[in-house]
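Working notes, beginning with the structure itself.
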Amino acid sequence: MSDPDAYIALISSLPGSERLFVAKQPPLSRLRLDRRLTALTPEDARVLKVLEQALNWSAYDMDITDAQAVQRCNQALAKIPQPTLRSLFLERMDLRTVVAALRLRARGGNPPSGTYGIGRWSGHIPANWGDPDFRLSVPMPWIKDARQLLEAEDPLGLERLLLSVSHKQLKRYAARHLFDFEAVAIYVLIWNIFDRWAQSNAQDAATRFEKLAQQAMANVAEFDFERVSA
Amino acid sequence: MNELVLTLGWLGIYAPMALGAASSAIGCSIAGMASIGAMTETDGGYGRFVGVSAFPSTMVIYGIVIMFTLNRDVTPENAGGLFGIGILSGIALMYCGIWQGRACAAAINATKEKPEIFGLALAPAAIIEGFGVFAFVFALVISAGIS
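Residue numbers (the numbering used here), protein chains in the order written: chain A, 1 to 230; chain B, 1001 to 1147.
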């Protein structure tokens, strides 16, 4: 167990994680966050880096195989000694395994033989491939919404739902850690969710802008310029 | 044997002071670190943060008063009583000081985001102070029965 008072000054110097989601401007840039994180001990900084890289999609190659991804997660897990962070990591992997299975089935993929993905549901999912929610609607109540968004081909909506579920998971763990290393790691993971949330909002804004621009251009195309000039 | 008993008696006299000082030092440092962190994030209200971080310093004052109350000639007859009251009140003050520091740190961390909850956020620290006062007052009451 980590020292409960290890990072009091560091945690107190960070804006509240709730403020990340309501602020119009990001209250803390990655640059500033990294500067504050220099207060971590080398060992804690290494664990945080492992955790972030294992959970960050951009750290994975596009052509990585399932087996490679699972191996990478297991390697990361072996380097994380804190029980809370291990539990949090495995819970996120459960979420990713379920979503990957939903995507595979939506693409018409065959039921995997043996186990699929990583975590406690890896054997359960192939065994319940025929059920719309893999018989996981009780432990994972969001799975129905995720499946519907996937079927409706709404990737942005699905992304937001998954970010929201991940955020709730992290807040649940955060309630038990105030000033220890786990609290710092959870804060950084919430910051990453905020970052992706902000990016998805920007993408939403760009899509809407494109639609409006097309609408405006369509009106311009119908406009009779010659008559106006005459 | 008598020497050991007398030593325990002297230990009991000084324990509330020593443990109270240790608890105040730890508690103030915990709350102080939180106030320093909060100062880097906020634009005002620094004095309030520093004031809150000094809350656990009351434990050493209680410890000093208990020490003076217990201070008397140590005899084999009263050494056991002095040891029991001194050590146990000291341990109680130590726990109160450390946890009050943590409660103050949490209050400082919360009020940097929401200054309007400043008073309410201090309620846990005030309740812990109450427990420290219990340990202090009843140590005085019980010590009156020691010859």
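In this text, a Cβ means the ideal position worked out from N, Cα and C, and glycines have one as well.
At a cut-off of 8 Å between C-beta atoms, I193/A does not count as an interface residue with respect to chain B. For I1061/B, no CB of chain A lies under 8 Å from its own CB, so it is not counted at the interface with that chain. Cα atoms of I1085/B and L1122/B: separation of roughly 29 Å, rounded to the nearest angstrom. Contact between I193/A and H177/A is ruled out by a C-beta separation of about 17 Å, above the 8 Å threshold.
Listed in chain order, the positions of the stretch 75-95 of chain A with a beta carbon within less than 9 Å of a beta carbon of chain B would be empty, since no residue qualifies. Selection S1024/B, L1008/B, F1131/B evaluated against V1052/B yields S1024/B as nearest (Cα-Cα). Sequence-distant partners of I190/A (beyond 5 residues in either direction) whose C-beta falls short of 8 Å from its own C-beta, in its chain, are S17, L20, H167, L170, K171, A174. Annotation for F1049/B: the continuous alpha helix (DSSP H) segment containing it runs 1046-1053.
Taken through DSSP and simplified to helix, strand or coil, D1043/B comes out as coil. One thing to note: M1059/B has its Cβ no nearer than 8 Å to the Cβ of C1104/B. Within chain A, A9, S12, S13, R36 have C-beta atoms less than 9 Å from the C-beta of T1040/B, given in sequence order. A contact between stretches requires three or more CB pairs, one per stretch, nearer than 8 Å, and the stretch 1057-1075 of chain B fails this requirement with the stretch 1032-1048 of chain B. Residues are counted here when their Cβ sits less than 9 Å from a Cβ of chain A; for the stretch 1108-1126 of chain B these are I1108, N1109, A1110, K1112, E1113, K1114, given in chain order. Spanning the alpha carbons of D5/A and A1125/B requires a straight line of approximately 17 Å. Within the same chain, and ignoring the five residues on either side of N1078/B in sequence, the residues whose Cβ sits closer than 6 Å to its Cβ are I1146, S1147.
Contacts with chain B at 8 Å (Cβ-Cβ) include G16/A. At the C-beta level, L48/A and L55/A stay beyond 8 Å of one another.
Taken atom to atom, the span from the alpha-carbon of G130/A to that of L149/A is near 19 Å. With fewer than 16 other Cβ atoms inside 10 Å of its own Cβ, I64/A counts as exposed.
Nearest to G1063/B by C-alpha distance, out of T1040/B, L1088/B, G1037/B, E1041/B, is L1088/B. The three-state secondary structure of W129/A, taken from DSSP, is coil. In summary, the residues of the stretch 166-194 of chain A whose CB is separated from some CB of chain B by less than 9 Å are L178, F179, in the order they occur in the chain. For the pair I1026/B and G1090/B, the CB atoms are not nearer than the 8 Å cut-off.
With a contact defined as Cβ atoms closer than 8 Å, G1009/B and F1083/B qualify at about 6 Å.
When the beta-carbon positions are compared, K1114/B and E1041/B stay at least 8 Å from each other. In the DSSP annotation of this structure, the continuous segment of the alpha helix (DSSP H) that includes A1123/B starts and ends at 1123-1143. Neighbours of M1094/B across chain A, judged by C-beta separation under 8 Å, do not exist; the nearest C-beta is about 15 Å away. At least 8 Å separates the beta-carbon of F134/A from that of I11/A.
D5/A belongs to the set of residues whose beta carbon lies under 8 Å from a beta carbon in chain B.
Under a 10 Å Cβ-count criterion, F1068/B is classified as exposed, with fewer than 16 other Cβ atoms of the shown protein chains found around its own Cβ. Between M62/A and V98/A, the gap from beta carbon to beta carbon reaches 8 Å or more. Excluding the 5 residues flanking it on each side, R86/A has same chain C-beta neighbours closer than 8 Å at L77, I80, in chain order. Here the alpha carbons of E91/A and L156/A stand approximately 22 Å from one another.
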